[in-house]
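**Student:** So that we are looking at the same thing, I have put the structure below in structure tokens.
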Amino acid sequence: MNTIKLPDYRLQSADVKQRFDKLKQRPIELSVEGLGKVFRGKKDVESLRDINLEVHNREFLIVLGASGCGKSTLMRILAGFETPSSGVAKLQGNEIHGAGPDRGMVFQSYTLFPWLTAKQNVMFGLEMTVGKGAETESEALQWLSFVGLERFADSYPHQLSGGMKQRVAIARALANKPRILLMDEPFGALDAQSRAQMQSLLLQIWSKVDITIIFITHDLDEAVYLSDRILVLEPNPGRIAELIENPVARPRSLDQFLQPEFLAVKKRLEKLIHPRMDEEQAPVFKMTKKGDEVE
Ligand SMILES: Nc1ncnc2c1ncn2[C@@H]1O[C@H](COP(=O)(O)OP(=O)(O)OP(=O)(O)O)[C@@H](O)[C@H]1O
Ligand SMILES: [Mg+2]
1 MNTIKLPDYR
11 LQSADVKQRF
21 DKLKQRPIEL
31 SVEGLGKVFR
41 GKKDVESLRD
51 INLEVHNREF
61 LIVLGASGCG
71 KSTLMRILAG
81 FETPSSGVAK
91 LQGNEIHGAG
101 PDRGMVFQSY
111 TLFPWLTAKQ
121 NVMFGLEMTV
131 GKGAETESEA
141 LQWLSFVGLE
151 RFADSYPHQL
161 SGGMKQRVAI
171 ARALANKPRI
181 LLMDEPFGAL
191 DAQSRAQMQS
201 LLLQIWSKVD
211 ITIIFITHDL
221 DEAVYLSDRI
231 LVLEPNPGRI
241 AELIENPVAR
251 PRSLDQFLQP
261 EFLAVKKRLE
271 KLIHPRMDEE
281 QAPVFKMTKK
291 GDEVE
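In terms of full-length UniProt numbering, the sequence shown opens at residue 1 and continues consecutively.
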């Protein structure tokens, strides 16, 4: 069988090296030092062990790894919903204690308030920081138009598609002007076409707003298409397997999906998160008759 020879994803052209040198010179927005998390119970679960990481201002960091490797735990610690068992997480040098308006969140499950319109959902957070009033309403409308939904300002969540709901959720998160956007599989429940649209929209938003993004996904194409760097975790306990500097040029376009650098990173991710299972290890009994093997 002929296989295409792909470049080494670690070899950086002068342009790519310059891009990452520049990124690393930006101020550190978020740092994680020796972070660990053990859930105590009848049987303790060590969800994360010794995670060390620095995320720079306006970086787009993808977190990827097999199910159960601690991605959401890490996100919940950064959001301030969980406390670490060891180590610290810091935002602009200050240790994270509890939730705060400096972090916006978008999750896979739609989290809009069903009894509020799109506009009211965006206003909800703003009312807590800016207060009620015409100014808040016009700001909410601006954010909705920013995500292309001004026409749906008075629609309720059940009248919106999955992609539209996530656009409202993004507008709501950004309206509070957070430093960091924490996204836990935000497009995981969308069909392939809506998902591709949302990915492009997110890249446009990110290029126009002073925001650092941490984004969890299982989808390898999504990881390579969106990221500056990709943090790959391995399970039991959740540890850093590799931190990949994505060499694919920006701005991104769908044409890049077949470029050698794109495929090279994807192949590496595949290897890291889906180690090959030998036939003897596969947990499936053979239930076919001799002689009727498939290719
Ligand atoms: N509140 C909790 N109490 C006990 N164990 C937990 C709790 N939350 C997570 N865990 C355990 O921690 C480990 C990591 O879970 P986590 O949800 O962070 O994984 P994940 O990488 O986000 O998985 P997925 O890709 O399926 O979303 C799992 O073994 C899980 O059972
Ligand atoms: Mg998760």
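Where is the CB? At the ideal position from N, CA and C, for every residue including glycine.
How far does the alpha helix (DSSP H) with L203 in it extend, from its first residue to its last?
**Tutor:** L203 -> alpha helix (DSSP H) spans 192-208.
**Student:** Apart from the five residues just before and just after V106, which ones in its own chain have a Cβ nearer than 8 Å to its Cβ?
**Tutor:** Answer for V106: Q166, A169, I170, A173, L181, L182, M183, D184, P186, listed in chain order.
**Student:** Run through DSSP, which three-state label would E82 get?
**Tutor:** Three-state DSSP puts E82 in coil, outside helix and strand.
**Student:** So G36 and L48 are supposed to be a Cβ contact under 8 Å. How far apart are they, rounded?
**Tutor:** Confirmed, Cβ separation roughly 6 Å.
**Student:** What's the gap between the Cα of E150 and the Cα of P275?
**Tutor:** Computed Cα separation, rounded: 46 Å.
**Student:** I believe I77 touches L231 by the beta-carbon criterion, under 8 Å. Please report the beta-carbon distance rounded to the nearest angstrom.
**Tutor:** Contact doesn't hold; Cβ gap of about 14 Å is too wide.
**Student:** Considering only the alpha carbon of each residue, which of G65, D228, S31 lies closest to N94?
**Tutor:** The shortest Cα separation from N94 among G65, D228, S31 belongs to S31.
**Student:** Would you give the residue range spanned by the alpha helix (DSSP H) that R172 belongs to?
**Tutor:** It spans 162-175 - the alpha helix (DSSP H) in which R172 sits, taken as one unbroken run.
**Student:** CA-CA distance, E33 and I213?
**Tutor:** Straight-line Cα distance between these residues: approximately 19 Å.
**Student:** Assuming V16 is part of the alpha helix (DSSP H), what are its boundary residues?
**Tutor:** Note, V16: alpha helix (DSSP H), 14-25.
**Student:** From the DSSP output, in three-state form, read off H56 for me.
**Tutor:** In this structure, H56 counts as strand in the three-state DSSP scheme.
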